[in-house]
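In this note's numbering, the protein residues as written are 59 to 391. By construction, the Cβ of each residue, glycine as well, lies at the ideal position given by its N, Cα and C atoms.
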Ligand SMILES: Cc1cc2nc3c(=O)[nH]c(=O)nc-3n(C[C@H](O)[C@H](O)[C@H](O)COP(=O)(O)OP(=O)(O)OC[C@H]3O[C@@H](n4cnc5c(N)ncnc54)[C@H](O)[C@@H]3O)c2cc1C
């Protein structure tokens, strides 16, 4: 799911940082999805990226907060329409109290997309090494990265993009690790909701659902901050899969809930829902791209742009907004 809508609603982000700064993050996220689509298009990357609308569903019995969110997004110039219960039911056949439907999202096969981008990088001169980075030394003229196989790589700049496994030189108080579970149903192209819109909910630990080109439904969520250890996380796959199938039946009763694939993964969130992108404090010429939450692919595109520009001598106010040592104040409370 290539959503531009950020895990933290614009209303909440505004309460933390003020309207201008919050709106800037949302607009950058919207532009990132469109930038990624252009990249795939311009380089003819076989990533099967599909333009999609998103449907942000109310999770509670009132749509008042969602309506406030819609109004604030409109003020920020962000696209989208509010649907009350009647219009939501009529248009999408879903029985929630309300939703925001927005253009500008997309979906893609992430593995295919990642492989295609790596191939493109290699064709343009990148070199790939299969090794674990175990030590970083930014003290000299170049940054030296020690590898598990005993070799070293020296570079003018180093960008850390190691997912949830942050090396010791990165310290962030903003990131929390959790686990997430997902299932994919058997193909059922005749049972797909209108337009295969990307579905998620106005809730902290939200349910999300998308479709694949073969007509499978992928639904995920059921996140937990308490079960992190991979063995324990994976042992919960049968139980969490049943819960997700039940939630799919409640969301979209037309779906067949026969499950073809089930899996779990580590996930991370930041206390303000914004990523950690930019210089690593205390480590010259080392940059970080972390903390993506549910917007992993969207924010990774943004990280590539921002860090690339920074290394080339440019800058952006977004680098303050996403700084690893930013002050989030009461965001987590
Ligand atoms: C179940 C689930 C569903 C998700 N759904 C979505 C979604 O729909 N849309 C979305 O945008 N995002 C989604 N995300 C988030 C998204 O997957 C991540 O944000 C994204 O993969 C992060 O990309 P990355 O390249 O930074 O890190 P990763 O994809 O984690 O890649 C990091 C790589 O670095 C390697 N590595 C780690 N340490 C070292 C080291 N020391 N040396 C060398 N290599 C190292 C790792 O092995 C890994 O290959 C989801 C996540 C989960 C778990």
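Spatial neighbours of residue 153 in its own chain (CB-CB distance under 7 Å, excluding positions within 5 residues in sequence) are listed in chain order as 147. Considering only 183, 72, 149 and 180, the residue with the shortest C-alpha distance to residue 129 is 72. Around residue 65, the same chain offers 331, 351 and 352 as residues with beta carbons nearer than 6 Å, after the five sequence neighbours per side are excluded. Assignment of residue 233 by DSSP, reduced to helix, strand and coil, places it in the strand class. Cβ-Cβ separation between residue 263 and residue 281: approximately 4 Å, consistent with a contact (criterion under 8 Å). Taking C-alpha positions only, residue 222 is separated from residue 231 by approximately 14 Å. Non-local C-beta neighbours of residue 342 in its own chain, meaning closer than 7 Å and more than five positions away in sequence, comprise 196, ordered along the chain. Here residue 86 has 360 and 376 as same chain residues with Cβ atoms under 8 Å from its own Cβ, once five neighbours each way along the sequence are excluded. In the pairwise beta carbon analysis, the stretch 237-255 is classified as touching the stretch 314-324: at least three pairs are separated by under 8 Å. Following the DSSP letters along the chain, one finds residue 271 in no alpha helix (DSSP H), marked with neither H nor E. Considering only 382, 383 and 365, the residue with the shortest C-alpha distance to residue 215 is 365. The C-beta of residue 336 has 16 or more other C-beta atoms within 10 Å across all chains shown, which makes the residue buried.
With contacts defined as CB atoms closer than 8 Å, residue 347 and residue 260 fail to qualify as a contacting pair. Secondary-structure assignment with DSSP links residue 345 through a beta bridge to 217 and 337. For residue 61, there is no enclosing beta strand (DSSP E), as DSSP marks it with neither H nor E. Using a Cβ distance threshold of 8 Å, residue 278 and residue 240 count as a contacting pair.
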